[in-house]
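Take a look at the structure set out below.
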């Protein structure tokens with residue numbers, strides 16, 4: 297693969313490499329993902345830097361691009377977890393739509409809470425261990441907010457939803473928590489565990505209306521929004 301190229305491997309034989317492009321040094325790069333043949337009547341963009349969300353969106357087999365929004369993701373004073381997630385999902389989508397007018401943009405954000413307090417990304421081993429110790433044997437609520445912003449209309453039309461997932465972590469000893477963190481190093485994940493990886497072994501129960509929400513992009517909700525926007529999934 298040439299330097300600077302990106303590739304999706306979810307549908308062998310139907311994909312091609314597209315070079316990484318950037319319009320300026322100050323603007324984040326846009327990574328292009330193209331199915332072959334590409335006959336989509338619209339431009340679909342995922343407003344995210346998350347590899348997990350990109351992998352989930354690939355499952356829908358739609359042509360899409362990825363653009364990284366640049367914004368402050370700090371919660372506002374007195375803001376509820378759901379409100380934070382919804383605001384940021386919409387802000388991410390709007391930031392990308394401002395750069396690419398006329399497109400259909402997907403924005404998503406996730407906020408985890410324990411006893412009403414927000415849990416952020418740990419960033420390092422010590423913080424991650426403290427998070428898992430606090431969550432152990434208890435229920436954590438994950439708010440995964442989704443925004444589909446349709447810029448083909450003026451003004452743009454937004455569909456939004458907050459999908460809640462209840463997660464219970466097993467009551468396991470510190471040694472197991474420490475070992476897990478050293479193996480998978482989920483320091484970029486709120487809640488300090490990758491449910492799509494080895495972290496599933498730490499979980500006792502997951503309750504949600506959308507099984508993909510916990511990973512960061514609720515596909516059931518998203519496909520419903522895309523259908524309302526006129527996107528077809530089963531065309532041959």
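In the working numbering, the protein residues as written are 297 to 532. In this text, a Cβ means the ideal position worked out from N, Cα and C, and glycines have one as well.
Where do the ends of the beta strand (DSSP E) carrying residue i lie?
i: residue 414; result: 413 to 415
i: residue 496; result: Unbroken run through residue 496: none, as it is neither H nor E.
i: residue 366; result: Note, residue 366: premise wrong, no beta strand (DSSP E); not H, not E.
i: residue 489; result: It is not in any beta strand (DSSP E) - residue 489 carries neither H nor E in the DSSP assignment.
i: residue 409; result: 400 to 410
Have a look at the options and flag the residue whose alpha-carbon is nearest the alpha-carbon of residue i.
i: residue 289; options: 515, 532 and 422; result: Lying before the first or after the last residue shown, residue 289 is absent from the chain, which here runs from 297 to 532.
i: residue 394; options: 458, 447 and 467; result: 447
i: residue 526; options: 470, 501, 445 and 467; result: 445
Mind checking residue i: buried by the 16 CB within 10 Å criterion, or exposed?
i: residue 404; result: buried
i: residue 505; result: exposed
i: residue 479; result: exposed
i: residue 370; result: exposed
i: residue 491; result: buried
i: residue 500; result: exposed
i: residue 496; result: exposed
Give me the Cα-Cα distance between residue i and residue j, rounded to the nearest whole angstrom.
i: residue 434; j: residue 459; result: 20 Å
i: residue 317; j: residue 429; result: Any reading at residue 317 must be qualified, since the residue scores a pLDDT of 36, below 50, and its modelled position is unreliable; the value itself is stated next. Each residue's Cα considered, the two are about 42 Å apart.
i: residue 456; j: residue 401; result: 12 Å
i: residue 510; j: residue 451; result: 31 Å
i: residue 332; j: residue 438; result: For residue 332, the predicted structure reports a pLDDT of 38, less than 50, and the residue's modelled location is therefore unreliable. The matter cannot be settled from this model.
i: residue 477; j: residue 489; result: 8 Å
i: residue 474; j: residue 508; result: 26 Å
i: residue 482; j: residue 462; result: 19 Å
i: residue 432; j: residue 465; result: 5 Å
i: residue 536; j: residue 385; result: Residue 536 cannot be examined here, being either before or after the span of the chain that is shown, 297 to 532.
i: residue 494; j: residue 449; result: 43 Å
Name the two residues that bound the continuous alpha helix (DSSP H) containing residue i.
i: residue 470; result: 470 to 480
i: residue 392; result: 377 to 395
Pull the bridge partners of residue i from the DSSP assignment, please.
i: residue 421; result: According to DSSP, residue 421 bridges with nothing at all.
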